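> The sequence shown: position 222 = 220 (our numbering), numbered continuously.
Heads up, the beta-carbon is just placed ideally off N, CA and C, and yes, glycines get one too.
Predicted model only: the values in this text are computed from it and were never measured.
Have a look at the structure that comes next, please.
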Amino acid sequence: MLQDIFAAIPLGIFLAFLLGPVFFVLLETAAIKGFRAALCFDFGVIIADIVFLSIAYFSTNKLLTSIKDDPALFIFGGAILATYGTITYVKEKKSLKKKEVVEVRKLKKSDVFGLMVKGFLLNFVNIGVLGFWLGLIIVFGPQLKMNPDRLLIFFSTVLITYFVIDLLKILLAKKLNHKLTPKRIYLFKKGISILIIVFGLILISRGLFPSELEQLENKMENIIPEKTE
């Protein structure tokens, strides 16, 4: 059991620092809305991960592989991310005209639910996350002999490690709150919105040009070893 736990911890750390829209929105939420808000958002993200893990575990590899490689899903997920980023960008541009008071207000029940839904959806529309969990099951499943108890311990450790690292990120980002002026908040949110749009466009391109991107990735893999020799 300890061997499975130690093997899962590095994966949890890697997942916590995997750059994506969730990573940046989590930091934004912590810096601007505070610890509790970021925590609620992160709970939604983890629930989406658990859903993906369940799909990956209970579905056959052939079916799941065909789903995760479906170009339509990449285009759909990318379009949602790009639209969300664009709406947020326009919304923040309008809000700059208003005077903002930089303070963390108490969360209402509706705010808690809304943040959890936001974290869930932002993670769930990224079909690459499904591919990530599927890859882990394909790689580590046989090593764990597909034993349900060992798989539960392994992936629970991955998620717990991921969550603990996220708590540290939230605490560090929260310290920025006292240094944020309305102008800095606007620039921060604007930057996050642009990053989300970029991630959305990347997903769309993976759906529209899968073979071209695969060839590019193969070329990059061939070039990198030559430079390191």
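How about Gly133 and Leu149: do their beta carbons lie closer than 8 Å?
Not a contact, by the Cβ cut-off of 8 Å.
> Counting only beta-carbon separations shorter than 8 Å, does Phe41 have a partner in chain D?
Here chain D cannot be found, since the structure has a single protein chain.
> Express the C-alpha separation of Gly117 and Gly76 in angstroms, rounding to a whole number.
The straight-line gap from Cα to Cα measures roughly 16 Å.
> My output table needs one value for Val20: the three-state DSSP class, helix, strand or coil.
Correct three-state label for Val20: helix.
> Starting from the Cα of Ala28, find the closest Cα among Gly83, Leu17, Leu113, Pro8 and give me that residue.
Comparing Cα positions, the closest option is Leu113.
> Looking at the secondary structure, which residues open and close the alpha helix (DSSP H) in which Val137 lies?
Note, Val137: alpha helix (DSSP H), 125 to 141.
> Closest to Leu51 by CA distance: which of Gly198, Val156, Ile163, Ile190 is it?
The shortest C-alpha separation from Leu51 is found at Val156.
> Using 8 Å as the threshold, is the C-beta distance between Phe4 and Leu24 below it?
Going by C-beta atoms, Phe4 is not nearer than 8 Å to Leu24.
> Let me know the secondary structure DSSP gives Phe207 once reduced to three states.
Three-state DSSP puts Phe207 in coil, outside helix and strand.
> Please work out which residues of its chain come closer than 8 Å, Cβ to Cβ, to Met(-1), disregarding the five sequence neighbours upstream and downstream, and give them in chain order.
Hits under 8 Å: Arg148, Ile151.
> According to DSSP, is Met114 part of a helix, a strand, or is it coil?
Helix.
> Looking only at its chain, what residues have a beta carbon closer than 8 Å to the beta carbon of Asp109, apart from the 5 residues adjacent to it on each side?
Around Asp109: Ala35, Cys38.
> DSSP three-state label for Asn145, please.
In the structure shown, Asn145 sits in coil (DSSP, three-state: anything other than H, G, I, E or B).
> Alpha carbon to alpha carbon, how far is Leu121 from Ile48?
Just to set this straight, residue 121 is Asn in the shown sequence, not Leu. Cα to Cα, Asn121 sits roughly 11 Å from Ile48.
> So which of Pro69, Phe21, Ile30, Gly10 has the shortest CA-CA distance to Ser203?
The residue with the shortest Cα to Cα distance from Ser203 is Pro69.
> Might you give, ordered along the chain, the residues of its own chain that have their beta carbon closer than 7 Å to the beta carbon of Ile135, omitting 5 neighbours on each side?
Counting only Cβ-Cβ distances below 7 Å, and skipping sequence neighbours, we find Ala54, Tyr55.
> Expressed to the nearest angstrom, what Euclidean distance is found between the alpha-carbon atoms of Val43 and Ser209?
For Val43 and Ser209, the distance between alpha carbons rounds to 30 Å.
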